[in-house]
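Per the numbering used here, the sequence shown starts with residue 19, numbered consecutively. The beta-carbon is built from N, C-alpha and C at its ideal position, and this holds for glycine as well. Treat the numbers as computed from the prediction; the structure is a model and nothing was measured.
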Amino acid sequence: MADLNLSTLTEADIITKRVLPAILDAGWSDTTQIRQEVKLRDGKVIVRGKVAARRTVKSADIVLYYKPGIPLAVIEAKANKHEIGKGMQQGIEYARLLDVPFVFATNGDGFIFRDATVADGELMEKPITLGEFPSPSELWQKLCLSKGYTEAQLPVITQDYYDDGSGKAPRYYQLQAINKTIEAVSGGQNRVLLVMATGTGKTYTAFQIIWRLWKAKSKKRILFLADRNILVDQTKNNDFLPFGTAMTKVTGRTIDPAFEIHLALYQAITGPEEDQKAFKQVAPDFFDLIVIDECHRGSASEDSAWREILDYFSAATQIGLTATPKETHEVSSTDYFGDPVYIYSLKEGIEDGFLAPYKVVRVDIDVDLQGWRPTKGQTDKNGELIDDRIYNQKDFDRTMVIDERTELVAKTITDYLKRTNPMDKTIIFCNDIDHAERMRRALVNLNPEQVKKNDKYVMRITGDDDIGKAQLDNFINPKKAYPVIATTSELMTTGVDAKTCKLVVLDQNIQSMTKFKQIIGRGTRIDERYGKLWFTILDFKKATELFADERFDGIPEKVMDTTPQDIADPESDFEEQFDEHEEETEDDVIGADEDPAPYTVTGSDDVGPLPEDDENKVRKFHVNGVAVGVFAQRVQYYDADGKLVTESFKDYTRKTLLKEYASLDDFTRKWQSAERKQAIIKELEQQGIIWEVLAEEVGKELDPFDMLCHVVYGQPPLTRKERRRTCVNATTSPNTPTPRRRC
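Next up, the structure:
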């Protein structure tokens with residue numbers, strides 16, 4: 019080794035000839051404790067038009083583990099031509115992701131050893147020789163001392179992960195979530211909250227937590243609670259399968275004490291009547307661990323009927339899992355469970371490339387923005403006298419049904435799918451079951467060719483319909499082409515693992531941030547085998563204004579407002595507008611500073627499987643014959659400062675006018691031939707060109723013609739006085755160009 023000319027060695031040579039021998043000499047196992055080229059992130063998905071690609075991400079050169087799943091240190095190596103500590107900052111970043119305190123940087127001469135566990139006053143970073151590399155037990159003892167682990171904790175903390183032999187390993191954030199939860203529980207914490215964005219593997223994480231606690235015999239009888247049958251079945255048949263015969267699903271309101279792992283719906287073990295409270299069949303100390311999936315949906319609410327289950331088993335350790343912890347006057351996840359032991363947000367998932375980014379298309383419908391008022395004495399289709407008031411967006415499909423609006427929304431969805439792919443899996447969130455059924459019918463009528471190919475092209479999947487619910491598994495199965503479009507209201511808001519969903523349609527009034535995040539989560543899963551790397555949100559009810567809420571932690575790739583006409587028009591360039599400002603925003607943390615408008619919530623987040631037929635409790639008028647059309651287009655994007663802004667009005671005006679008049683001559687001829695110039699001005703106003711805003715942006719008082727010539731065709735910005743002077747000069751000088759219009 020002494021004869022090596024280090025200056026000629028590559029980074030890979032330094033690792034194999036200098037670093038690995040030093041590590042092995044220190045007692046590290048190359049089969050269970052050393053991993054090379056550890057890729058911690060997948061690389062953020064960047065979308066350009068309809069094409070998506072991943073950013074290239076670096077891998078940690080070496081990660082050292084006390085045992086599989088329990089990382090201890092990161093090693094970053096560089097070629098010998100670099101300074102010995104060159105890789106330290108890169109190593110610190112990897113160590114942060116893995117939550118480890120030890121980092122080693124090397125160029126082959128030795129190491130710079132960073133020890134974040136040192137006491138105040140001691141050197142955190144110091145050089146050591148190759149022969150001084152610490153052993154696994156040395157680093158483990160340092161870690162245990164800094165964490166304050168007790169002897170009683172160690173058997174639980176070091177319990178093996180489940181390994182199926184396939185090579186599948188938890189991602190870095192799953193490791194953190196699992197290890198921090200095990201650490202908290204083994205340390206005596208009886209209420210634990212774990213927050214992980216939808217699509218990041220909460221159930222797999224829960225499985226590893228339960229497996230390790232169970233195998234360590236720290237927790238012997240375990241109850242996993244969920245509020246949707248599909249959540250329980252997915253869990254039992256997928257992630258929890260290794261529990262085998264030790265596991266059962268509670269059915270028939272009977273808890274069988276012969277099993278150790280119990281999976282149950284809240285509704286299967288409790289209810290309003292005493293004889294429905296199956297949880298009382300066993301003693302309060304029967305379960306010593308309860309894991310509550312989607313715990314924001316009611317278990318933390320003191321008013322919830324489900325809360326009595328947790329109160330009855332109050333001596334058990336209770337772990338709450340959620341993507342959206344709930345904090346309201348009535349419900350508080352943190353009051354009950356305490357602060358989260360770990361949070362992995364939607365934003366982090368998108369940045370790391372584990373979750374799909376998304377674009378947002380907001381569609382403005384005139385009746386939504388302007389409202390609709392019945393004529394005096396008007397009755398609806400059922401002969402009911404309609405209350406005389408102005409009905410607006412929050413009323414539509416809740417207390418007022420306008421058939422033409424439903425048909426326009428359905429047509430816009432159909433047109434969008436025709437532009438992209440009619441076979442893209444689509445979920446449409448409606449206000450209630452009645453709305454979901456009307457939307458299904460409208461889509462069937464607009465897609466006869468697709469429906470003739472397969473009558474399951476469009477299905478209503480709601481809680482009251484067994485036929486629709488029976489198709490839910492087919493909808494979420496990537497191998498099944500049908501159903502393609504699912505209309506729903508509440509059933510599919512949580513727990514539906516639809517990896518290939520490429521279009522999420524919002525035609526529902528949403529005020530709850532919790533519910534909004536859950537709905538967005540229906541599209542955030544990635545499935546590269548089937549080409550699903552990103553998705554689109556088509557918003558008809560301004561629900562995506564909740565992006566402006568500071569509690570929202572996921573960033574859309576692009577937000578634009580458009581019209582049904584733009585989507586329907588094959589010549590429209592609305593898709594190209596997505597990419598106009600991406601260069602400015604792709605690396606920024608994006609948000610908005612606008613206050614979201616108030617909306618009415620349909621249903622509540624605080625109960626289990628909500629009765630989706632509650633529309634019968636609300637008086638609803640049903641009308642047709644209403645003229646429903648499109649409103650002016652507005653394009654919005656998130657700028658580099660994280661503000662949701664309308665694109666430059668000059669840019670918008672230029673683009674809009676050039677569609678109609680490709681050259682200055684074309685526009686001038688049209689202007690001069692028009693009998694009423696005001697008609698052209700009005701026409702442009704209908705296309706969203708607001709003169710006051712444009713004048714403010716230009717900064718000069720110009721009449722409309724001069725304003726447009728300047729902004730669109732690059733002519734000098736002439737005031738009336740300057741134009742008159744130009745006209746006079748044009749008549750006296752033969753060298754002066756022809757003025758752009760008659761004087």
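Scanning ALA78, GLN529 and GLU546 for the CA closest to the CA of GLU563 turns up GLN529. Within the DSSP bridge table, the entry for GLY549 names no partner. Per the coordinates, the alpha-carbon of ALA71 lies some 39 Å from the alpha-carbon of ASP415.
Bounds of the beta strand (DSSP E) holding ARG380 are 376-381. By the Cβ criterion, the region 371-385 is in contact with the region 212-225, since at least three pairs of Cβ atoms, one from each stretch, lie closer than 8 Å. In this chain, the beta strand (DSSP E) harbouring HIS280 covers 279-283.
The beta strand (DSSP E) runs of length 3 or more contained entirely in the region 447-500 are, from start to end of the chain, 476-478.
Around the beta carbon of ASP587, fewer than 16 other beta carbons sit within 10 angstroms, so the residue counts as exposed.
In the three-state DSSP reduction, LEU243 falls in the strand class (E or B). In its chain, beyond the 5 residues on either side, CYS448, ARG478, THR480, THR505, THR506 and SER507 have a beta carbon closer than 7 Å to the beta carbon of ALA454. Per DSSP, ASP587 has no beta-bridge partner at all. The residue from VAL522, PHE261 and THR147 with its alpha-carbon nearest to that of ARG540 is VAL522.
DSSP places TYR190 in the uninterrupted alpha helix (DSSP H) bounded by 190-204. Taken through DSSP and simplified to helix, strand or coil, ARG687 comes out as helix. Looking from the CA of ILE228, the closest CA among THR674, TYR112, ASP311 and ALA341 belongs to ASP311. Closest in alpha carbon position to VAL469, among LEU490, LEU148, TYR500 and MET531, is TYR500. Checking the DSSP bridge columns, you'll see PRO89 partnered with TYR83.
Between the C-alpha atoms of ALA276 and ILE240 there is a straight-line separation of about 12 Å. Using a Cβ distance threshold of 9 Å, LEU283 and ARG246 count as a contacting pair. Counting the other CB atoms within 10 Å of its CB gives MET457 a total of 16 or more, which places it among the buried residues. DSSP places GLY367 within a helical segment (H, G or I) once states are collapsed to three.
Each residue's CA atom was taken as its position, placing LEU339 and GLN192 some 13 Å apart. Annotated as proximal: ASP79 and GLN54, with beta-carbon spacing under 9 Å. By the criterion of at least three beta-carbon pairs nearer than 8 Å, the region 298-313 is in contact with the region 328-337. If you check the CB distance, ASN197 and ILE33 do not come in under 9 Å. When only Cα atoms are considered, THR352 and LEU328 end up about 15 Å apart.
Here the alpha carbon of ARG271 sits roughly 43 Å from the alpha carbon of ASN400. Taken through DSSP and simplified to helix, strand or coil, GLN411 comes out as coil. Between GLU143 and GLY103, the gap from beta carbon to beta carbon is short of 9 Å.
In the three-state reduction of the DSSP assignment, VAL118 falls in the coil class, being assigned neither a helical nor a strand state. The alpha-carbon of ASP274 is positioned some 50 Å away from that of LYS76.
Each residue's CA atom was taken as its position, placing ASP127 and HIS100 some 10 Å apart. Within the region 224-269, the complete beta strand (DSSP E) segments at least 3 residues long are 240-244 and 265-267, listed from N- to C-terminus. Taking TYR330 as reference, the option from THR342, ASP357, ALA341 and PRO302 with the minimal CA-CA separation is PRO302. Looking at the DSSP output, LEU212 sits in a beta bridge with LEU339 and TYR360. Where PHE331 is concerned, there is no enclosing alpha helix (DSSP H), because DSSP gives it neither an H nor an E.
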